[in-house]
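Residue numbers (my numbering), protein chains in the order written: chain A, -16 to 331; chain B, -16 to 331; chain C, -16 to 331. Using N, Cα and C, we set each Cβ at its ideal position, and we do this for glycine too. Read through the structure below, which is laid out as structure tokens, and then see the notes.
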Amino acid sequence: MSRTYTVGQLADIVGGKVRGDAAIVIQGVADVSEAGPTDATWVNREKYADKLKSSRAGTVLIPTDFGETRMPAILCEKIEPSVAKLLGAFASPVSRPETGIHPSAVIHPSARIGANPSIGPHVVIDADVSIGSSCVIHAGVFIGRGTMIGDDCLLWPNVVIRDGCRLGHRVNIHPNSVIGSDGFGYYFDQGRHNKIPHVGGAILEDDVEIGACTCVDRSKFGHTVVGAGTKIDNLVQVAHNVRIGRHCVLVGQTGFAGSVRTGDYCVFGGRSCALDNVAIGDRVTVAGLAIVDKDIPDGLMVSGFPARDHREELRERALVRRLPKLVEQLKELIHRVEQLEASTHHNP
Amino acid sequence: MSRTYTVGQLADIVGGKVRGDAAIVIQGVADVSEAGPTDATWVNREKYADKLKSSRAGTVLIPTDFGETRMPAILCEKIEPSVAKLLGAFASPVSRPETGIHPSAVIHPSARIGANPSIGPHVVIDADVSIGSSCVIHAGVFIGRGTMIGDDCLLWPNVVIRDGCRLGHRVNIHPNSVIGSDGFGYYFDQGRHNKIPHVGGAILEDDVEIGACTCVDRSKFGHTVVGAGTKIDNLVQVAHNVRIGRHCVLVGQTGFAGSVRTGDYCVFGGRSCALDNVAIGDRVTVAGLAIVDKDIPDGLMVSGFPARDHREELRERALVRRLPKLVEQLKELIHRVEQLEASTHHNP
Amino acid sequence: MSRTYTVGQLADIVGGKVRGDAAIVIQGVADVSEAGPTDATWVNREKYADKLKSSRAGTVLIPTDFGETRMPAILCEKIEPSVAKLLGAFASPVSRPETGIHPSAVIHPSARIGANPSIGPHVVIDADVSIGSSCVIHAGVFIGRGTMIGDDCLLWPNVVIRDGCRLGHRVNIHPNSVIGSDGFGYYFDQGRHNKIPHVGGAILEDDVEIGACTCVDRSKFGHTVVGAGTKIDNLVQVAHNVRIGRHCVLVGQTGFAGSVRTGDYCVFGGRSCALDNVAIGDRVTVAGLAIVDKDIPDGLMVSGFPARDHREELRERALVRRLPKLVEQLKELIHRVEQLEASTHHNP
């Protein structure tokens, strides 16, 4: 965070246009309410205009149609990509082991390591592993027999990738996650649970990112698949034989039971869940904490337990909230009917 | 997966009988709808007969009472054990470090290691640890002071077993799991939470299997116990002083709070939960996502939050679904009562 | 557990007063119903008096106002601190690597290590790391570039702390947890999710304790903060930019989404959850499994999904339980109205 830019330089970096003094010096990034005179901040909706009025930020990234600001502004066509570039301008380069292979790494002679590796201390790479070029493999990572890894992958410390898995290019796995561990499969016979062998592996396609302490199990047969560009957060469970489509998002603590399938561009909110064998279409949004227990067609937004059309679930929740009033109405009505009955008896 | 068998050889392996051409060559296993002419598949219920009709599989494992099939079949008395054997026929042998002790492993001179060990790189075994014969201990595993481990155990990379724990024979622990970490216990005094020492350890009895990134905490006193033959999936929390019976199953993301006790042959569905101190009988089935907040007698199937008899919970959920209709009925009834009241007033 | 004390010695240790024979010899600690003649136990409420009547314990810790007991008793002003001291008297000293730095540890020459370290095998400490005095760092721990750690910290095996983080004094992190991993942030552009750099780190203040397999993500900017004295259990997710106050408790499997803020002295029950950006006051208690989806003022106890005042939620749950009766009442009332209508028609 010791970098320094002028507002003009930052505008070039984020692809925006300066309005006001381009010579102001910026040294960091902060929230609109906490930014000081040497910080850049951003506001992406008019409704935060109030917060910006009292902000002491040195400059602010705003959409091109945003109103006046008290400090120099950088007008951006799309605010999100520009903010990402702003953060990138102040980010340290990704930490990595020194180029080469650390002498304490244990690499099987049959493993093939591509050009320009950065392999840290105490890494273990088993027989017949193949690793592409320019991979960064941090300390304590284990890669099992026969696993194949593409170019430019980034494996953080203590990640375990078991035997027979495949990673595409630019796959990024955060610390202490486990890829290709045995699926949870037993058959019950003679009073005990007997293990079902898992012949298949796990495939993470290009540009997949996996959070910390997340598990993607290997498959009974065929492969567990995470499609290209899909991003998975921390502490997520992906069971055996799951097939996740491309460019999906699974937020923290989500769980997929065995053989779940999804299309592309799905979003699973935090701690949502899909029960075994459900098939989910393309562009489905599953709200946080929702439990998907049956197939979902393309494009639906679902929520609740069991997950159903989000609007329907909101109506149902509202009705549950109205229960006390319902009980009251019923009670009153019983009283009125009793009175009617009394007057009818008196009045035959 | 480069192995090759004839249908006749596979029938011998899985303990079934061939119907049709026993000479067909099989090279793999696949799902009924994806299998090709060199794949074996299986169908375990008549209702999948349709799928099998269009399958291109080279052979199919079926129950003995299953009807005609278009490809050679292997008739099996019990389909599940036979399928497990089929998968086993194509499974690679379990990956393991070379026999012996890797020179980078750090083993305390007071530790006792049984015959025929396979101890991988960077393993750490502390003072007074005792390990049985034929154990496979993968890279990066840590075993704390005084822990005792039986024969034929399999510890995957980066597993941590802290001091004072006990594992029986044939215990299998998947990567990055933690056994015997401190229980979560504090007492509040003088404005802060003060740690309660945990004197006890954790015991995993014979044939226990523990998934990846799962935690079994040590005990305040006595021991946390996982009974023989019990299988625990990934990302499961087993808190201090819990005692799980024999041959239970805990599916992914399940959580047991402190001092929970279960009988034998219980099943806990995915992400189910038992609150502290509840006592659960034998052969109890807890549905996925159910929250057990009180004792459950033997043999019950429970679901919901709080968990209760599954049939009762289904009725309740159905009623919630009928709420809109209920509101409608009540509204209509109010109208009818109003009319009655009006006519009674007009008609005294 | 091979230590031996007289009841009199234990009374001194736990700060209580002996009633009865102070010479009895005690060798362990056990539950009131399992304790034998050489075990100490405790009872903290009159309602357990019955269990104590049949207990074979050698001595019992009781509150000063507790009644007669059949065995020598130790009367304690506050039972919980005394029980913690009792357990401490039988606890083994915390297991730790030998004093000094194990030769297999890989420590960057620019790292500064304080006095009296215990650094175990295969530890990796990156450039510009600073570590205070008397820290215990177990096998396989990774500490990333520029991270600063105070005095008397305890890092269990295979913990990963990434670059640019800060730990106060006496911080205790259990095995396989991850501090400072990337937050889960992307912007969607041109058909794919693009990573947002995370410039900030994570700060764990003095006396923070973190369970096993727990994740505290780094921040987009500024820092993710866990306040002094806060205790976090296993398998907990703390997302980017979260700020947790001082002396809070987060029980197992809890999840905090991005930018959640809490005051001091809050308690989050097991598997509770706070959605992104909610602000929670001081001394708030969130029941286990509750989902906080909006701001909560100081001092409230909330439960349910969405979390609301606990008493309100209990009433609502009770009403749902009464639904079958409600349906019955409505049905009966419809019948009565029909009869009234019939008699009114007959009786114009």
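(request) Measure the Cβ-Cβ separation of B:GLN236 and C:GLY235 and say whether it is below 8 Å. (result) As a position in the second sequence, residue 236 of chain B is number 253, starting the count at 1. As a position in the third sequence, residue 235 of chain C is number 252, starting the count at 1. At least 8 Å separates the beta-carbon of B:GLN236 from that of C:GLY235.
(request) Spatial neighbours of C:MET(-16) within its chain, please: CB distance less than 7 Å, with the 5 preceding and 5 following residues excluded, ordered by chain position. (result) As a first step, residue -16 of chain C must be located in the third sequence, where it is residue number 1. Because the pLDDT at C:MET(-16) is just 45, under 50, the model does not fix this residue reliably, and the point stays unresolved.
(request) For A:SER202, collect the residues of the same chain with a Cβ closer than 6 Å to its Cβ; drop the 5 residues on either side in sequence, then sort them by chain order. (result) By one-based count along the first sequence, residue 202 of chain A stands at place 219. Here A:SER202 has GLY183, HIS223 and ASN224 as same chain residues with Cβ atoms under 6 Å from its own Cβ, once five neighbours each way along the sequence are excluded.
(message) Do A:VAL232 and A:LEU187 have their beta-carbon atoms positioned less than 8 Å apart in this structure?
(response) Against the first sequence, residue 187 of chain A aligns to sequence position 204. Against the first sequence, residue 232 of chain A aligns to sequence position 249. A:VAL232 sits away from A:LEU187, with the two beta carbons spaced by 8 Å or more.
(message) For B:GLY184, report the span of its beta strand (DSSP E) as first-last.
(response) Position 201 of the second sequence holds residue 184 of chain B. The continuous beta strand (DSSP E) containing B:GLY184 extends over residues 184 to 187.
(request) Within its chain, find whatever has a CB closer than 6 Å to the CB of B:GLY123; leave out the 5 residues flanking it on each side and keep chain order. (result) Residue mapping note: residue 123 of chain B aligns to position 140 of the second sequence, counting from 1. The beta carbon of B:GLY123 is closer than 6 Å to those of HIS105, PRO140 and ASN141 in its chain, skipping five residues each way along the sequence.
(message) Once DSSP output is grouped into helix, strand and coil, what is the label at C:PRO307?
(response) Locating residue 307 of chain C in the third sequence gives position 324, counting from the first residue. Of the three classes helix, strand and coil, the one that applies to C:PRO307 here is helix, per DSSP.
(request) Check the C-beta distance from B:HIS206 over to B:ALA185 and give it rounded, since I have them as a contact under 8 Å. (result) Taking the first residue of the second sequence as position 1, residue 206 of chain B is located at position 223. Taking the first residue of the second sequence as position 1, residue 185 of chain B is located at position 202. Going by Cβ atoms, the distance from B:HIS206 to B:ALA185 rounds to 6 Å, so yes, they are a contact pair.
(message) Let me make sure I understand the geometry here. Which of B:CYS136, B:VAL66 and B:THR130 has the alpha-carbon closest to that of B:ALA98?
(response) Residue mapping note: residue 98 of chain B aligns to position 115 of the second sequence, counting from 1. When C-alpha distances from B:ALA98 are compared across B:CYS136, B:VAL66 and B:THR130, the shortest belongs to B:CYS136.
(message) I need the straight-line Cα distance from B:GLY(-2) to A:GLY168, nearest angstrom please.
(response) Position 15 of the second sequence, counting from 1, holds the residue named residue -2 of chain B. Position 185 of the first sequence, counting from 1, holds the residue named residue 168 of chain A. Roughly 20 Å between the two C-alpha positions.
(request) Could you work out which residue in A:GLY115, A:LYS34, A:PRO64 and A:GLY147 is closest to A:GLY133 when comparing CA atoms only? (result) Working through the first sequence from its first residue, we reach residue 133 of chain A at position 150. Nearest C-alpha to A:GLY133: A:GLY115.
(message) Measuring straight from C-alpha to C-alpha, what distance separates B:GLU296 and A:CYS198?
(response) Your numbering for residue 296 of chain B matches position 313 in the second sequence. Your numbering for residue 198 of chain A matches position 215 in the first sequence. Distance between the alpha carbons of B:GLU296 and A:CYS198: 32 Å.
(request) Check the Cβ-Cβ distances between A:ASN27 and every residue of chain C, and say whether any is below 8 Å. (result) The residue labelled residue 27 of chain A in the question sits at position 44 within the first sequence. Answer no: the Cβ-Cβ gap between A:ASN27 and chain C never drops below 8 Å.
(request) Measure the CB-CB distance between C:GLY287 and C:ARG266 and report whether it falls below 8 Å. (result) Locating residue 287 of chain C in the third sequence gives position 304, counting from the first residue. Locating residue 266 of chain C in the third sequence gives position 283, counting from the first residue. Contact flag unset, no.
(request) Pick helix, strand or coil for B:ARG298, following the three-state DSSP scheme. (result) Counting from 1 along the second sequence, the entry for residue 298 of chain B is found at position 315. Look at B:ARG298 here: in three-state DSSP terms it is helix.
(request) May I have the straight-line CA-CA distance separating A:ALA5 from A:GLU29, to the nearest angstrom? (result) Residue 5 of chain A sits at position 22 when you count from the first residue of the first sequence. Residue 29 of chain A sits at position 46 when you count from the first residue of the first sequence. Going from the Cα of A:ALA5 to the Cα of A:GLU29 covers about 23 Å.
(request) Please classify C:PRO331: does DSSP put it in a helix, a strand, or coil? (result) Numbered from its first residue, the third sequence carries residue 331 of chain C at position 348. Because C:PRO331 carries a pLDDT of 46, less than 50, the predicted location of this residue cannot be relied on, and no value is offered for it.
(message) Does the segment 14 to 26 of chain B come into contact with the segment 80 to 87 of chain B, if we say contact requires no fewer than three beta-carbon pairs (one atom in each stretch) closer than 8 Å?
(response) They do not touch, by the three-pair rule.
(request) Look at the alpha carbon of B:CYS342 and the alpha carbon of A:LYS36, and state the distance between them as a whole number of angstroms. (result) Since the first residue of chain B shown is -16 and the last is 331, residue 342 of chain B is not available in this structure.
(message) I want to verify the contact list: residues of chain C whose CB lies under 9 Å from the CB of B:ASP265, in sequence order.
(response) Sequence index remark: in the second sequence, residue 265 of chain B carries index 282 (1-based). Close to B:ASP265, with beta-carbon spacing below 9 Å, lies no residue of chain C; the smallest spacing is near 20 Å.
(message) Within the continuous beta strand (DSSP E) that includes C:ILE57, where are the two ends?
(response) On the third sequence, position 74 is the one that residue 57 of chain C refers to. It spans 56 to 59 - the beta strand (DSSP E) in which C:ILE57 sits, taken as one unbroken run.
(message) Please return the same chain residues whose Cβ sits closer than 6 Å to the Cβ of A:ALA110, not counting the five positions on each side in sequence.
(response) As a first step, residue 110 of chain A is located in the first sequence; it is residue number 127 there, counting from the start. Excluding positions up to five away in sequence, the list reads HIS91, SER93 and ARG128.
(request) Look up C:PRO64 in the DSSP assignment and say whether it is helix, strand or coil. (result) Along the third sequence, read from residue 1 onward, the residue named residue 64 of chain C stands at position 81. Secondary structure of C:PRO64 (DSSP, three-state): helix.
(request) For the segment 142 to 189 of chain C, list the alpha helix (DSSP H) runs that are entirely contained and at least 4 residues long, ordered along the chain. (result) For the segment 142 to 189 of chain C, not a single whole alpha helix (DSSP H) run of length 4 or above is found.
(request) Check distances from the C-beta atoms of the segment 37 to 52 of chain C to those of chain B and list, in chain order, the residues that come in under 7 Å. (result) Hits within the stretch: zero.
(request) Closer than 8 Å by C-beta to C:ALA(-6): which residues in its own chain qualify, once you throw out the five before and the five after it? Chain order, please. (result) Here residue -6 of chain C corresponds to residue number 11 of the third sequence, with the count starting at 1. Within the same chain, C:ALA(-6) has close Cβ partners LYS0, VAL1, ALA5 and ILE57.
(request) Determine, using beta carbons only, whether A:HIS105 comes closer than 8 Å to chain B. (result) Stepping through the first sequence from its first residue, residue 105 of chain A is reached at position 122. Yes - at least one Cβ of chain B is within 8 Å of the one on A:HIS105.
(message) List, from N- to C-terminal side, the beta strand (DSSP E) runs of 3 residues or more that fit wholly inside the segment 186 to 212 of chain C.
(response) The segment 186 to 212 of chain C contains these whole beta strand (DSSP E) runs: 198 to 200 and 206 to 209.
(request) Report the option in B:ILE193, B:HIS181 and B:GLY166 whose CA atom is closest to the CA atom of B:ASN159. (result) Along the second sequence, one-based indexing puts residue 159 of chain B at 176. When only C-alpha atoms are compared, the closest one is B:ILE193.
(message) If you measure between the beta carbons of C:GLY228 and C:ASP247, is that distance less than 8 Å?
(response) Here residue 228 of chain C is taken as the residue at index 245 of the third sequence, counted from 1. Here residue 247 of chain C is taken as the residue at index 264 of the third sequence, counted from 1. The Cβ atoms of C:GLY228 and C:ASP247 lie closer than 8 Å to each other.
(message) Quick check on DSSP: helix, strand or coil for A:ILE317?
(response) In the first sequence, counting from the first residue as 1, residue 317 of chain A sits at position 334. It is helical.
(request) Compile a chain-ordered list of the residues in the segment 208 to 221 of chain A whose CB is closer than 7 Å to at least one CB of chain B. (result) From the segment 208 to 221 of chain A, only LEU218 and GLN220 have a Cβ closer than 7 Å to chain B.
(request) Using a Cβ-Cβ cut-off of 8 Å, state whether B:GLU324 counts as contacting chain A. (result) For this step, residue 324 of chain B is matched to residue 341 along the second sequence. Interface residue, yes.
(message) Within 8 Å of any Cβ in chain C, is that where the Cβ of A:THR327 sits?
(response) For this step, residue 327 of chain A is matched to residue 344 along the first sequence. For A:THR327, the nearest CB of chain C lies under 8 Å from its own CB, placing it at the interface with that chain.
(message) Can you look up C:ASP265 in the DSSP assignment and give me helix, strand or coil?
(response) In the third sequence, counting from the first residue as 1, residue 265 of chain C sits at position 282. It is coil, neither helix nor strand.
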